[in-house]
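A.B. asks: These protein sequence lines are chains D and V, in that order. Residue numbering for the first sequence follows the numbering used here, beginning at 1 and increasing consecutively. Residue numbering for the second sequence follows the numbering used here, beginning at 351 and increasing consecutively. Each residue gets a CB set at the ideal place from its N, CA and C atoms; glycine is no exception. Given the structure is predicted, the values throughout are model-derived calculations rather than measurements. Can you read through this structure? Questions will come right after.
Number of protein chains: 2
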Amino acid sequence: MRYEEIDTPAVVIHEDIMRENVKRMQDFCEKNGYRLRPHIKSHKIPEIAHLQMDQGAAGITCQKLGEAEVMIDHGIKDILIYYNIIGSKKLERLSGLCQKAKIALAIDSLDVAREISKALVNSRGEAGILIDCNTGYDRTGVNGPEEALELAKQLMALPQLHFLGLATFPFPSGARDWFASAARLFADAGIPIQTISAGGSGFPTLSNEPIPLVTELRTGTYVFNDRTCVLNGWASFDQCALRVLTTVVSVTNDIVIVDAGSKTLTSDIRKGMTGYGYIMEFPEAEIFQFSEEHGHVDVSRCSQKPKLGDVLTVIPNHACGTMNLHDEVLRLGNDEIVGRWTVAARGKVR
Amino acid sequence: MRYEEIDTPAVVIHEDIMRENVKRMQDFCEKNGYRLRPHIKSHKIPEIAHLQMDQGAAGITCQKLGEAEVMIDHGIKDILIYYNIIGSKKLERLSGLCQKAKIALAIDSLDVAREISKALVNSRGEAGILIDCNTGYDRTGVNGPEEALELAKQLMALPQLHFLGLATFPFPSGARDWFASAARLFADAGIPIQTISAGGSGFPTLSNEPIPLVTELRTGTYVFNDRTCVLNGWASFDQCALRVLTTVVSVTNDIVIVDAGSKTLTSDIRKGMTGYGYIMEFPEAEIFQFSEEHGHVDVSRCSQKPKLGDVLTVIPNHACGTMNLHDEVLRLGNDEIVGRWTVAARGKVR
């Protein structure tokens, strides 16, 4: 299919750009001595996970068991599930996964670890454990190095679990001191830390030198990049591989309406940001409002304005949220659609 | 399955509440002499569309061809597609639909009408046409009664199209005068208006008396209701049929983290609103921030606080956006899960 024949709205992945993004992050990690463990929440596509592994990734990161199940079914064998797994149904599924692949979990509480241990005793499975550390983002994680040490000691006493080290998301300015302090405490206690796992799309911009103690990087959005990455200075628009094609369906003076709204582009928006995407052909235009199936675009600042039926190319605010709305994406190579990928792990909320 | 056994996050539809909502809106329309044409974008489930039809709805409303295709495949035969259909692929699909069901379209431009007419000439199909009127919302629609009359005259000259009347979304305060003025113009021109179709979830609160000229109401969210409906005074929380069950997965002082984030509840938020949902068991709690798979809940104002592993019931900000994230929903009747519905028209963005 020729590019011009694509029906809209449609998610198009520019494969050359994506491969460059994957290679760049792999090179960055290798140069600095980090293992790369890409977060597949951004693409949810097994074929892209394999591409990341083929490029040198050490394994992948998932948040939900359902994502891990899809990836294992497609042959990925080394998975970190960065989530507190709670409840009998999930523990049963986790036990199943531990039979099929090398599974690690990042958790922040002894109660969670105890139940996982019990389930794995019953199923004779094993799992690596990272302690999820709150280094400043205040989402999940233990609240200080002492708490991390205490939890490590406790879970080392639990059968079927192997303590691997520490993990955090993202990597705020206080994280270096946090981990330095933890490393001293653990060394004094004689407990080796194999892994310190950092996360976040902005991580590569933190330092040109290897960041002390960090052994692994989990990052997701880099595979595509998006408007948030560009506004944060992490990428350029040319490095954005995921683009949404949308058609102008109505025109009124300084406002045009396109056929991509919140159900196509997500209403995800970061604090302080305005607008719901970047229109490549009309950089001065602003998608200022969303309906579910309409994007409301202010074109008052555009010298030439889009016309009814024009197809526009949007780089969305948030690639991960956008991917999660679509069953399939088109693969673009050499200005032609060369295939489709099913977003196989989309909607796996459990 | 017992209610307590539901794995989270999960969308649960309280069937009794939903049936009451459907009946209430049908009764409202019948009392006021409006035909009800429910917008299925809110549920995307053919079984619910049939329930609305069985209760007395005159047909349904869709925005995307893909939604209409699913509904026709499931036996719905009277559909208004409220969208400017543009492009050869879509016109071909529209032609197919016109062979299978009674199709009407709401459009706002002669260019769009011309191409539809051509396609239907080729396929020997027919479609009713409503003129989409901008009565103040400034999304799509012709910009005044004179423009509506002009467009009506032009499209009446086009083969295969039948002019039915006028439509608008939503129904702002200026809409009454707009339609009164249009009615006079059309009467003077000798062009009968069969239908004036109004939209919007808040419509029933506009007037206890029939609103002059309006013959049809398109509304969607009423089937479930959501936090936006409650904050707007259109419904009570007890009338919210769609609820998301979510588990507390991490606890730190005044913040708890639940396993429902933007990929479960949508980041849809209305202007002036704070928070991402209403937690029924903890009305003082606020979901103040979202990650993709985490809801960040401030419980500082709660006298009793949720504990690790507790299951909470969330009424989302936006039912339609939430439904669009899920492949299936659980049907709750008499405190038991009595079945599942597939969200068959989910993700039909084209």
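Who are residue 455 of chain V's beta bridge partners in DSSP?
C.D. replies: Position 105 of the second sequence holds residue 455 of chain V. Partner(s): V:431 and V:479.
A.B. asks: Between residue 598 of chain V and residue 167 of chain D, what straight-line distance do the alpha-carbon atoms span, to the nearest angstrom?
C.D. replies: For the purposes of this step, residue 598 of chain V is identified with residue 248 of the second sequence, where counting begins at 1. For the purposes of this step, residue 167 of chain D is identified with residue 167 of the first sequence, where counting begins at 1. Inter-residue distance for residue 598 of chain V and residue 167 of chain D is about 20 Å (C-alpha atoms, whole angstroms).
A.B. asks: For the region 599 to 635 of chain V, list the alpha helix (DSSP H) runs that are entirely contained and at least 4 residues long, ordered along the chain.
C.D. replies: Unbroken alpha helix (DSSP H) stretches of 4 residues or longer found wholly inside the region 599 to 635 of chain V: 612 to 615, given in chain order.
A.B. asks: Bridge partners for residue 316 of chain D per DSSP, in chain order?
C.D. replies: Position 316 of the first sequence holds residue 316 of chain D. Answer is D:277.
A.B. asks: For residue 288 of chain D versus residue 298 of chain D, is the C-beta spacing smaller than 7 Å?
C.D. replies: Looking up residue 288 of chain D in the first sequence gives position 288. Looking up residue 298 of chain D in the first sequence gives position 298. Yes.
A.B. asks: With 7 Å set as the bound, which would you pick, yes or no: does the beta-carbon of residue 43 of chain D sit closer than that to a beta-carbon of chain V?
C.D. replies: Reading the first sequence from its first residue, position 43 is the one you call residue 43 of chain D. With 7 Å as the cut-off, residue 43 of chain D does not count as an interface residue toward chain V.
A.B. asks: Taking residue 62 of chain D as the reference, give the member of V:690, V:692, V:643 and V:651 with the closest Cα.
C.D. replies: Counted from its first residue, the first sequence places residue 62 of chain D at position 62. Of the listed residues, the one whose Cα sits closest to residue 62 of chain D is V:643.
A.B. asks: So if I threshold CB-CB distances at 8 Å, which residues from the region 635 to 647 of chain V count as touching chain D?
C.D. replies: 641, 642, 643, 644 and 646
A.B. asks: Starting from residue 413 of chain V, find everything on chain D with Cβ-Cβ shorter than 8 Å and list it in chain order.
C.D. replies: Counted from its first residue, the second sequence places residue 413 of chain V at position 63. Neighbours of residue 413 of chain V on chain D, chain order: 292 and 293.
A.B. asks: Hey, would you say residue 462 of chain V sits closer than 7 Å to residue 493 of chain V, going by beta carbons?
C.D. replies: Numbered from 1 along the second sequence, position 112 holds the residue referred to as residue 462 of chain V. Numbered from 1 along the second sequence, position 143 holds the residue referred to as residue 493 of chain V. Going by C-beta atoms, residue 462 of chain V is not nearer than 7 Å to residue 493 of chain V.
A.B. asks: Sorted by chain position, which residues of the same chain lie with C-beta nearer than 7 Å to residue 18 of chain D's C-beta, five sequence neighbours on each side aside?
C.D. replies: For the purposes of this step, residue 18 of chain D is taken as the residue at position 18 of the first sequence. Cβ neighbours of residue 18 of chain D within its own chain (closer than 7 Å, five residues either side excluded): 223, 224 and 241.
A.B. asks: The region 304 to 330 of chain D: which residues have C-beta closer than 7 Å to a C-beta of chain V, in chain order?
C.D. replies: The region 304 to 330 of chain D vs chain V, Cβ under 7 Å: 308, 309, 320, 321, 324, 325, 326 and 327.
A.B. asks: Measuring alpha carbon to alpha carbon, tell me which of D:30, D:331, D:128 and D:192 ends up nearest residue 47 of chain D.
C.D. replies: Working through the first sequence from its first residue, we reach residue 47 of chain D at position 47. For the residues D:30, D:331, D:128 and D:192, the minimum Cα distance to residue 47 of chain D belongs to D:331.
A.B. asks: Over what stretch of residues does the alpha helix (DSSP H) that includes residue 187 of chain D continue unbroken?
C.D. replies: As a first step, residue 187 of chain D must be located in the first sequence, where it is residue number 187. Taken as a continuous stretch (DSSP letters only), the alpha helix (DSSP H) holding residue 187 of chain D covers 175 to 188.
A.B. asks: Is residue 111 of chain D helix, strand or coil when you go by DSSP?
C.D. replies: Counting from 1 along the first sequence, the entry for residue 111 of chain D is found at position 111. In the structure shown, residue 111 of chain D sits in a helix (DSSP, three-state: H, G or I).
A.B. asks: For residue 18 of chain D, verify whether its CB is less than 6 Å away from any heavy atom of the ligand NAP.
C.D. replies: Annotation note on the ligand NAP: not contained in the displayed structure, which lists no ligands.
A.B. asks: Would you say residue 347 of chain D faces chain V, with C-beta separation under 7 Å as the test?
C.D. replies: By 1-based counting over the first sequence, the position of residue 347 of chain D is 347. Chain V contact via Cβ: present.
A.B. asks: So that I know if they touch, is there some Cβ in chain V lying closer than 7 Å to that of residue 205 of chain D?
C.D. replies: To locate residue 205 of chain D, count along the first sequence from 1; it is residue 205. Chain V, which has no Cβ nearer than 7 Å to the Cβ of residue 205 of chain D, makes this no.
A.B. asks: Are the region 391 to 405 of chain V and the region 420 to 430 of chain V touching, with three or more C-beta to C-beta distances below 8 Å?
C.D. replies: yes
A.B. asks: Measure the Cβ-Cβ separation of residue 430 of chain V and residue 467 of chain V and say whether it is below 7 Å.
C.D. replies: What you label residue 430 of chain V is simply residue 80 of the second sequence in a count that begins at 1. What you label residue 467 of chain V is simply residue 117 of the second sequence in a count that begins at 1. The beta carbons of residue 430 of chain V and residue 467 of chain V sit no closer together than 7 Å.
A.B. asks: Under the rule that 16 or more other beta-carbon atoms within 10 Å means buried, what is residue 609 of chain V, buried or exposed?
C.D. replies: Numbered from its first residue, the second sequence carries residue 609 of chain V at position 259. By the 10 Å Cβ count, residue 609 of chain V comes out buried.
A.B. asks: Using only the alpha-carbon positions, how far apart do residue 16 of chain D and residue 23 of chain D sit?
C.D. replies: The count along the first sequence starts at 1 and reaches residue 16 of chain D at position 16. The count along the first sequence starts at 1 and reaches residue 23 of chain D at position 23. Rounded to the nearest angstrom, the two C-alpha atoms are 11 Å apart.
A.B. asks: Spatial neighbours of residue 671 of chain V within its chain, please: CB distance less than 7 Å, with the 5 preceding and 5 following residues excluded, ordered by chain position.
C.D. replies: In the second sequence, residue 671 of chain V corresponds to position 321, counting from 1. Result list for residue 671 of chain V: 616 and 618, in chain order.
A.B. asks: Can you say whether residue 491 of chain V is buried or exposed, counting buried as having 16 or more other CB atoms within 10 angstroms of its CB?
C.D. replies: Your numbering for residue 491 of chain V matches position 141 in the second sequence. Its Cβ being crowded by 16 or more others within 10 Å, residue 491 of chain V is buried.
A.B. asks: Taking the alpha carbon of residue 585 of chain V as the reference point, which residue from V:667, V:694 and V:454 has its own alpha carbon closest?
C.D. replies: In the second sequence, counting from the first residue as 1, residue 585 of chain V sits at position 235. The shortest CA-to-CA distance from residue 585 of chain V to any of V:667, V:694 and V:454 is the one to V:667.
A.B. asks: In angstroms with no decimal places, state the Cα-to-Cα distance between residue 485 of chain V and residue 387 of chain V.
C.D. replies: The count along the second sequence starts at 1 and reaches residue 485 of chain V at position 135. The count along the second sequence starts at 1 and reaches residue 387 of chain V at position 37. Approximately 20 Å between the Cα atoms of the pair.
A.B. asks: From the DSSP output, in three-state form, read off residue 216 of chain D for me.
C.D. replies: Residue 216 of chain D sits at position 216 when you count from the first residue of the first sequence. Residue state, collapsed to three classes: strand.
A.B. asks: Please look up how many angstroms separate the CB atoms of residue 376 of chain V and residue 405 of chain V, rounded, as I've assumed it's under 8 Å.
C.D. replies: One-based indexing of the second sequence puts residue 376 of chain V at position 26. One-based indexing of the second sequence puts residue 405 of chain V at position 55. Indeed they touch by this definition, with Cβ atoms about 5 Å apart.
A.B. asks: Does any residue of chain D have a CB that is nearer than 7 Å to the CB of residue 481 of chain V?
C.D. replies: Numbered from its first residue, the second sequence carries residue 481 of chain V at position 131. Residue 481 of chain V does not count as touching chain D.
A.B. asks: Consider the Cβ of residue 473 of chain V: report whether some Cβ of chain D lies at a distance smaller than 7 Å.
C.D. replies: As a first step, residue 473 of chain V must be located in the second sequence, where it is residue number 123. Residue 473 of chain V does not count as touching chain D.
A.B. asks: Looking at chain D, which residues of the region 426 to 457 of chain V have a Cβ within less than 8 Å of any of its Cβ atoms?
C.D. replies: 433, 434, 436, 437, 439 and 440
A.B. asks: Count the other CB atoms within 10 Å of the CB of residue 303 of chain D; is the residue buried (16 or more) or exposed (fewer)?
C.D. replies: On the first sequence, position 303 is the one that residue 303 of chain D refers to. Classification of residue 303 of chain D: exposed, given that the 10 Å Cβ count is below 16.
A.B. asks: Considering residue 62 of chain D, what are the terminal residues of the beta strand (DSSP E) in which it resides?
C.D. replies: Along the first sequence, one-based indexing puts residue 62 of chain D at 62. Element bounds for residue 62 of chain D: 60 to 62.
A.B. asks: Which word fits residue 557 of chain V, buried or exposed, when buried means at least 16 other C-beta atoms lie within 10 angstroms of its C-beta?
C.D. replies: What you label residue 557 of chain V is simply residue 207 of the second sequence in a count that begins at 1. Exposed is the call here.
A.B. asks: Please name the residue or residues paired with residue 301 of chain V in a DSSP beta bridge.
C.D. replies: This structure gives no information on residue 301 of chain V, because the portion of chain V shown stretches from 351 to 700.
A.B. asks: Does the distance from the CB of residue 102 of chain D to the CB of residue 78 of chain D come in under 7 Å?
C.D. replies: Position 102 of the first sequence, counted from the start, is the residue given in the question as residue 102 of chain D. Position 78 of the first sequence, counted from the start, is the residue given in the question as residue 78 of chain D. Yes, they are a contact pair.
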